[in-house]
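Throughout the sequence shown, residue numbering follows our numbering, covering 2 to 78 in sequence. For each residue, glycine too, the CB sits at the ideal point set by N, CA and C. As the structure is a computational prediction, the values presented were derived from the model and not from experiment.
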Amino acid sequence: MDQSMFESFGGDGQISDLIDQFYYKVLFDQSLRSMFLKADMTRVRLQQKTFFAQMFGCIHTKYSGKFSRSTQELEHK
């Protein structure tokens, strides 16, 4: 049986690590940090992980595309 792209990439663990590393760097970047200060970063990361899992073919993930109010109200300066 062929592996899905999700499985080939490393599954939930690899996607989770990738998203966590990305947002770690975002939050320490002086030019990006202010856009995320009011966001619920736990929820933002979870939504990104869900999105990427589905995009890579995880059959157990259903990304709804709905974002929390806090992620829609990011401060853009």
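State the DSSP-derived secondary structure class of residue i, mapped to helix, strand or coil.
i      : result
Ser-9  : helix
Thr-1  : Within the shown structure, residues of the chain are numbered from 2 to 78, placing residue 1 beyond reach of any answer.
Asp-1  : Missing from the structure shown is residue 1; the chain here goes from 2 to 78 and no further.
Gln-31 : coil
Phe-57 : coil
Could you check the C-alpha separation between residue i and residue j for me, to the nearest Å?
i      : j      : result
Ser-5  : Ile-20 : 19 Å
Leu-47 : Phe-10 : 18 Å
Lys-63 : Phe-23 : 22 Å
Val-45 : Glu-8  : 23 Å
Excluding the 5 residues flanking residue i on each side, which residues of the same chain have their C-beta closer than 6 Å to its C-beta?
i      : result
Phe-53 : Ile-16
Phe-57 : Met-6, Phe-7, Phe-10
Phe-29 : none
Counting only the same chain and skipping the five closest in sequence on each side, list residues whose C-beta sits under 8 Å from that of residue i.
i      : result
His-77 : Caution applies to His-77, whose pLDDT of 41 falls short of 50 and renders its modelled position unreliable; the model cannot decide the point.
Who are the Cβ neighbours of residue i in its own chain at under 7 Å, not counting the five residues just before and after it?
i      : result
Lys-50 : Ile-16, Ser-17, Ile-20
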